[in-house]
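Trainee: There's a structure below that I have some questions on.
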Amino acid sequence: MPEKILLQADYFLTWDENLKLYSRAEMVIENSLITYLGPRLERPEKNFKRVINEKNSLVIPGFINTHTHAAMSLFRGYADDLALMDWLQNKIWPAEAKLKKEDIYWGTLLSIAEMIRGGTTCFADMYFHMEEAARACIESGIRASLAQGLVGMEKTKGEQGLRQSRDLVRNWHNKGEGRITIMLGPHAPYTCPPEYLQEVGELAGELSVPIHIHLAETRYEVEESCRKYGKTPVELVNETGLPAHNLLAAHCVHLSAKDIEILAAKNIAVAHNPGSNLKLGSGLAPVADLLQKEVLVSLGTDSAASNNNLDLLEEMRLATLLQKGLQEDPAVIPAEIAFKMATIDGARALFLPGETGTLKEGAKADLALLKLKQPHCYPLYSLAAHLVYSAGAGDVDLVMVDGRVLMEKGRLLTIDEEKILHEASQRAQRLTGN
Ligand code: NI
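Right, dumping it as structure tokens:
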């Protein structure tokens, strides 16, 4: 008999082509897939391995964090309120130089624990020693798109990165029952010259994997690019041919009208990171303009060193509130659109195989259940408004990826949280000398 789970909840809220709400409904999960979602039917309980019936509950697709550097959670709160270059050169880079492979494993697990607790079921990561990140993902059961961060300023280092990426694809792509996918991760146009980006594009074509890059994050980056090449970072990347492949661009804060046209015309997906952009004083991405031009915009947290948490509920709220303030228009990015950015559009931005980021028959059973019986969720007029404007990560009570329960009643079931917290503080001391 297949492993069948019956999940009954007060509400299921999801995006498909439209926003869909199912009240007093139920879902059947067989192995990793949703095989039914709709009205409750007469079904003998003995047909199921488990029946989960939660009162006052809302089930949503798990959040998809489309840009982070998971292992950097080891540097959470180590250096704050500094200018970007001061932060990088004097704090982050010296600490990163002491990172060992095992640190990546434990730092990634720390982030995974936090993400699962906040209802995130999939994330896109860019860092180094990514085989350690892959190991942490497989053990925890979370879904992830992993990229080795590539820097192409020196030929030897650049070539080494490409070899490592090739190995990563060979050893980890589609592993963990398909939960792990690999992308190529050229860090940014200012650390990867155009010729190197072209090489990355060729490799992406050869290996049939998407590309994840930082793009137009700061005003300084754009000014330097214009000075050096006479082109904005978006124009420069466009000329390297990268957009011919599936391309995910993190940040896209400082964009010209022409840049926005390029993003739209070339179907470049954007990972918007409002928390990190604010904290590093980078600026406000023109998200409302991007959406108007039908650019695919998803949400990311960036690392816990520049955020300082990995909470997609918070990013949804920031994404909509910032645009309302910026545009002086409260109708901009309504709650349900912020919810779409954090779920189905996240799955699209990662070019994930199969259906994820949505709740429907045939889709992967990646979901989060929130408890609504809390003062900040009463009374109830709009579930989307509660999710985006009222809810907190602590409301998430159950999380499932690929039909497997990873957290239930506030307990992480696949990873040893006590051990992870202990390892994180020990390792932080060694890395930062604090
Ligand atoms: Ni980043």
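In short: position in the sequence shown from 1, add 659, done, that's our numbering. Even for Gly, the Cβ is constructed at its ideal location relative to N, Cα and C.
1. Measure the CB-CB distance between residue 700 and residue 686 and report whether it falls below 8 Å.
2. In this structure, does DSSP put residue 822 in helix, strand or coil?
3. CB of residue 728 to nearest heavy atom of the ligand NI: below 7 Å?
4. Give me, in chain order, the residues of the same chain whose beta-carbon lies closer than 7 Å to that of residue 978; leave out the 5 immediate sequence neighbours on both sides.
5. Would you mind stating whether residue 770 and residue 963 have Cβ atoms separated by less than 8 Å?
6. Tell me where the beta strand (DSSP E) around residue 698 begins and ends.
7. So what's residue 619 in DSSP terms, helix, strand or just coil?
8. When you compare only the Cα positions, how much space is there between residue 1045 and residue 732?
9. Identify the continuous alpha helix (DSSP H) that holds residue 914 and give its terminal residues.
10. From the DSSP secondary-structure annotation, give me the bridge partner or partners of residue 784.
11. Please go through the same chain and pick out, in chain order, the residues whose beta-carbon is closer than 7 Å to the beta-carbon of residue 1079, but skip the five residues on each side of it.
12. Is residue 660 helix, strand or coil when you go by DSSP?
13. Assuming residue 1076 is part of the alpha helix (DSSP H), what are its boundary residues?
14. What are the partner residues of residue 1067, as DSSP defines its beta bridges?
15. Rounded to a whole number of angstroms, what is the C-alpha to C-alpha distance between residue 864 and residue 884?
16. Measure the Cβ-Cβ separation of residue 954 and residue 929 and say whether it is below 8 Å.
17. Answer with buried or exposed for residue 812, where buried requires no fewer than 16 other C-beta atoms within 10 angstroms of its C-beta.
18. Does DSSP put residue 722 in a helix, a strand or coil?
19. Alpha carbon to alpha carbon, how far is residue 870 from residue 901?
20. Using a threshold of 7 Å, is the CB atom of residue 669 nearer than that to any non-hydrogen atom of the ligand NI?
21. Roughly how many angstroms separate the alpha carbons of residue 1086 and residue 737, rounded to a whole number?
22. Can the beta-carbon of residue 709 be found less than 8 Å from the beta-carbon of residue 1055?
23. By alpha-carbon positions, which one of 814, 825, 797, 818 ends up nearest to residue 806?
24. Sorted by chain position, which residues of the same chain lie with C-beta nearer than 7 Å to residue 1030's C-beta, five sequence neighbours on each side aside?
25. Leaving out five residues on either side along the sequence, give the residues of the same chain with a beta carbon under 6 Å from the beta carbon of residue 679.
26. On a Cα-Cα basis, can you pick out the residue from 1018, 875, 1052, 790 that is closest to residue 1033?
27. Expressed to the nearest angstrom, what Euclidean distance is found between the alpha-carbon atoms of residue 848 and residue 873?
28. Do residue 948 and the ligand NI come close, with the Cβ less than 7 Å from some heavy atom?
29. Do you know whose CA, among 1035, 814, 801, 1089, lies nearest residue 1072's CA?
30. How long is the line joining the alpha carbons of residue 948 and residue 914, rounded to whole angstroms?
31. Any heavy atom of the ligand NI closer than 7 Å to the CB of residue 803?
32. Quick check: residue 838 and residue 1061, are their CB atoms within less than 8 Å of each other?
33. Quick one: is residue 854 buried, meaning 16 or more other Cβ sit within 10 Å of its Cβ, or exposed?
34. The ligand NI heavy atoms versus the CB of residue 826: any closer than 7 Å?
35. For residue 936, is the classification buried or exposed, using 16 other Cβ atoms within 10 angstroms of its Cβ as the cut-off for buried?
36. Ends of the alpha helix (DSSP H) at residue 936?
Mentor: Once the coordinates are examined:
1. Indexing the sequence shown from 1 puts residue 700 at position 41. Indexing the sequence shown from 1 puts residue 686 at position 27. Not in contact: residue 700 and residue 686 (Cβ atoms no closer than 8 Å).
2. Along the sequence shown, read from residue 1 onward, the residue named residue 822 stands at position 163. In the structure shown, residue 822 sits in a helix (DSSP, three-state: H, G or I).
3. Numbered from 1 along the sequence shown, position 69 holds the residue referred to as residue 728. Checking the Cβ of residue 728 against the ligand NI gives yes.
4. Taking the sequence shown and counting its residues from 1, one reaches residue 978 at position 319. Within the same chain, residue 978 has close Cβ partners 931, 933, 946, 958, 992, 997, 1000.
5. Counted from its first residue, the sequence shown places residue 770 at position 111. Counted from its first residue, the sequence shown places residue 963 at position 304. Yes, the pair counts as a contact, with Cβ atoms nearer than the cut-off.
6. By 1-based counting over the sequence shown, the position of residue 698 is 39. Counting along the chain, the beta strand (DSSP E) containing residue 698 begins and ends at 692 to 698.
7. Because the chain here runs from 660 to 1093, residue 619 falls outside it and cannot be looked at.
8. What you label residue 1045 is simply residue 386 of the sequence shown in a count that begins at 1. What you label residue 732 is simply residue 73 of the sequence shown in a count that begins at 1. Taking the straight line joining both Cα atoms gives about 28 Å.
9. By one-based count along the sequence shown, residue 914 stands at place 255. Residue 914: not part of any alpha helix (DSSP H); DSSP gives it neither H nor E.
10. In the sequence shown, counting from the first residue as 1, residue 784 sits at position 125. For residue 784, which the question treats as bridged, DSSP gives the partners 727, 805.
11. Against the sequence shown, residue 1079 aligns to sequence position 420. The residues 765, 768, 769, 772, in chain order, have a CB closer than 7 Å to that of residue 1079 in the same chain once the five nearest residues on each side in sequence are set aside.
12. As a first step, residue 660 must be located in the sequence shown, where it is residue number 1. Residue placement at residue 660 is poorly supported in this model, since its pLDDT is 45, which falls under 50; the coordinates still yield a value, given next. The answer is coil: DSSP assigns residue 660 none of H, G, I, E or B.
13. In the sequence shown, residue 1076 corresponds to position 417, counting from 1. Element bounds for residue 1076: 1076 to 1091.
14. Start at 1 with the first residue of the sequence shown, and residue 1067 comes out as number 408. In the DSSP output, where bridge partners are listed per residue, residue 1067 has 1057, 1070.
15. Along the sequence shown, read from residue 1 onward, the residue named residue 864 stands at position 205. Along the sequence shown, read from residue 1 onward, the residue named residue 884 stands at position 225. Each residue's Cα considered, the two are about 26 Å apart.
16. Within the sequence shown, residue 954 is the residue found at index 295, counting from 1. Within the sequence shown, residue 929 is the residue found at index 270, counting from 1. Yes, they are a contact pair.
17. For the purposes of this step, residue 812 is taken as residue 153 along the sequence shown, with counting starting at 1. If you draw a 10 Å sphere on the C-beta of residue 812, you find fewer than 16 other C-beta atoms in it, and that means exposed.
18. As a position in the sequence shown, residue 722 is number 63, starting the count at 1. Here residue 722 sits in strand by DSSP.
19. Translated into positions along the sequence shown, residue 870 becomes position 211. Translated into positions along the sequence shown, residue 901 becomes position 242. If I take the Cα positions, the gap works out to 8 Å.
20. As a position in the sequence shown, residue 669 is number 10, starting the count at 1. Answer for residue 669: no, Cβ out of range of the ligand NI.
21. Counted from its first residue, the sequence shown places residue 1086 at position 427. Counted from its first residue, the sequence shown places residue 737 at position 78. Each residue's alpha carbon lies about 13 Å from the other.
22. To locate residue 709, count along the sequence shown from 1; it is residue 50. To locate residue 1055, count along the sequence shown from 1; it is residue 396. Contact: no.
23. Working through the sequence shown from its first residue, we reach residue 806 at position 147. Nearest option by C-alpha distance: 825.
24. As a position in the sequence shown, residue 1030 is number 371, starting the count at 1. Only 715, 716, 1054, 1056 meet the Cβ criterion.
25. Counting from 1 along the sequence shown, the entry for residue 679 is found at position 20. Excluding positions up to five away in sequence, the list reads 673.
26. Mapped onto the sequence shown, residue 1033 falls at position 374. Out of 1018, 875, 1052, 790, 1052 has the C-alpha closest to the C-alpha of residue 1033.
27. Locating residue 848 in the sequence shown gives position 189, counting from the first residue. Locating residue 873 in the sequence shown gives position 214, counting from the first residue. Answer to the nearest angstrom: the Cα atoms are 8 Å apart.
28. Residue 948 sits at position 289 when you count from the first residue of the sequence shown. Residue 948 Cβ: outside cutoff for every heavy atom of the ligand NI.
29. Position 413 of the sequence shown holds residue 1072. Considering only alpha carbons, the answer is 801.
30. As a first step, residue 948 is located in the sequence shown; it is residue number 289 there, counting from the start. As a first step, residue 914 is located in the sequence shown; it is residue number 255 there, counting from the start. Between the alpha carbons of residue 948 and residue 914 lies a distance of about 10 Å.
31. What you label residue 803 is simply residue 144 of the sequence shown in a count that begins at 1. No, Cβ of residue 803 sits at least 7 Å from all heavy atoms of the ligand NI.
32. Mapped onto the sequence shown, residue 838 falls at position 179. Mapped onto the sequence shown, residue 1061 falls at position 402. Yes, they are a contact pair.
33. Residue numbering aside, residue 854 sits at position 195 when the sequence shown is read from its first letter. Per the 10 Å Cβ criterion, exposed.
34. Indexing the sequence shown from 1 puts residue 826 at position 167. Outside the cutoff, so no.
35. For the purposes of this step, residue 936 is taken as residue 277 along the sequence shown, with counting starting at 1. Classification of residue 936: buried, given that the 10 Å Cβ count is 16 or more.
36. Taking the first residue of the sequence shown as position 1, residue 936 is located at position 277. From DSSP, the alpha helix (DSSP H) with residue 936 extends over 933 to 938.
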